[in-house]
Ligand SMILES: Nc1ncnc2c1ncn2[C@@H]1O[C@H](COP(=O)(O)OP(=O)(O)O)[C@@H](O)[C@H]1O
Ligand SMILES: [Mg+2]
């Protein structure tokens, strides 16, 4: 088993605020890695570091390294556009574009200049199947994406990522707007996707981390308190602070 991403000594500041403190951890290839911890501990910040989404935040400074397949994505010559294609992100609230279902899925390809109708149709179907959405939308590909139920919108956002063939999928609390049944479906989808992709997920739902992830990192106040195999972290935490959190004694 190899590490897809290696995070070493990562520090992040929002202006003067020290939001990530010397974080080191790895994201295993074809695994699901979960970041857990109380609200405000830095989970989303750390996740955003993995495809340099923090670049977009004024006053944000990063030091340390994040190696993707062994190459530091923060190196001066690193290419951010190709990085964002290799490492895609699904957000807390589904965020389809105000376009048709089809145009959402093939958006990235069209932006990249692909206009071959057959190829676009094939990609749309393959991506929608990959996101377990094809059967539900195959008869309404031209309908507005924003008219779909929320859980389908979220899977559409997954399909939109799959269309550009990423290597890593980042998910920031992807189920927080969904009901338990839709949540279960996304969790099952993640387990399917990890055969072909590497997944890192932020969740405040510890049951979810325990159910789907292979590795878990427990964060507190910008620090990675504990990182290890999910089974170990949840049943034999090495740090007292992790134990307090997972047993509900936190705070
Ligand atoms: N754009 C930002 N500017 C300034 N501070 C931020 C910004 N985003 C997050 N923070 C702060 O960084 C800390 C970590 O936030 P975040 O990564 O969103 O935590 P989590 O996802 O674990 O809830 C919080 O104290 C938050 O207020
Ligand atoms: Mg967050």
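Residue numbers (my numbering): 1380 to 1630. Think of the CB as a built atom: it goes at the ideal place given N, C-alpha and C, for glycine as much as any other residue.
Near ligand 2: residue i beta-carbon under 7 Å from a heavy atom
{"i": "residue 1402", "result": "no"}
{"i": "residue 1423", "result": "yes"}
{"i": "residue 1551", "result": "yes"}
{"i": "residue 1581", "result": "yes"}
With 16 other Cβ atoms within 10 Å as the buried cut-off, status of residue i
{"i": "residue 1442", "result": "exposed"}
{"i": "residue 1412", "result": "buried"}
{"i": "residue 1490", "result": "exposed"}
{"i": "residue 1535", "result": "buried"}
{"i": "residue 1576", "result": "buried"}
{"i": "residue 1426", "result": "buried"}
{"i": "residue 1551", "result": "buried"}
{"i": "residue 1404", "result": "buried"}
{"i": "residue 1381", "result": "exposed"}
{"i": "residue 1495", "result": "exposed"}
Residues bridged to residue i [DSSP beta-bridge criterion]
{"i": "residue 1625", "result": "Bridge partners of residue 1625: none, in fact."}
{"i": "residue 1407", "result": "1382"}
{"i": "residue 1523", "result": "1479"}
{"i": "residue 1439", "result": "1393"}
{"i": "residue 1562", "result": "Answer is none; residue 1562 lacks a bridge partner."}
{"i": "residue 1467", "result": "1548"}
Close-in-space but distant-in-sequence residues of the same chain around residue i (CB under 7 Å, 5 per side omitted)
{"i": "residue 1620", "result": "1599, 1604"}
{"i": "residue 1573", "result": "1409, 1410, 1411"}
{"i": "residue 1445", "result": "1384, 1386, 1389, 1428, 1429, 1451, 1452, 1453"}
{"i": "residue 1398", "result": "1391, 1392, 1421, 1424, 1601"}
Nonlocal neighbours in the same chain, by C-beta distance under 8 Å from residue i, ignoring five residues either side
{"i": "residue 1476", "result": "1482, 1483, 1486, 1524"}
{"i": "residue 1510", "result": "1534, 1535, 1537, 1538, 1541, 1568"}
{"i": "residue 1479", "result": "1520, 1521, 1522, 1523, 1524"}
Same chain, Cβ closer than 6 Å to residue i, neighbours up to 5 away in sequence not counted
{"i": "residue 1554", "result": "1562, 1565"}
{"i": "residue 1615", "result": "none"}
Residue i Cβ short of 7 Å to ligand 1 heavy atom set
{"i": "residue 1396", "result": "yes"}
{"i": "residue 1445", "result": "no"}
{"i": "residue 1596", "result": "no"}
{"i": "residue 1393", "result": "yes"}
{"i": "residue 1418", "result": "yes"}
{"i": "residue 1436", "result": "yes"}
Quiz item: How about the stretch 1532-1541 and the stretch 1451-1458: do they share at least three Cβ pairs that are nearer than 8 Å?
Solution: no
Quiz prompt | Contact between the stretch 1498-1514 and the stretch 1426-1445 (3+ Cβ pairs under 8 Å) | solution = no
Exercise. State whether the stretch 1498-1508 contacts the stretch 1545-1564, with contact taken as three or more CB pairs (one from each stretch) at a distance under 8 Å.
Key: no
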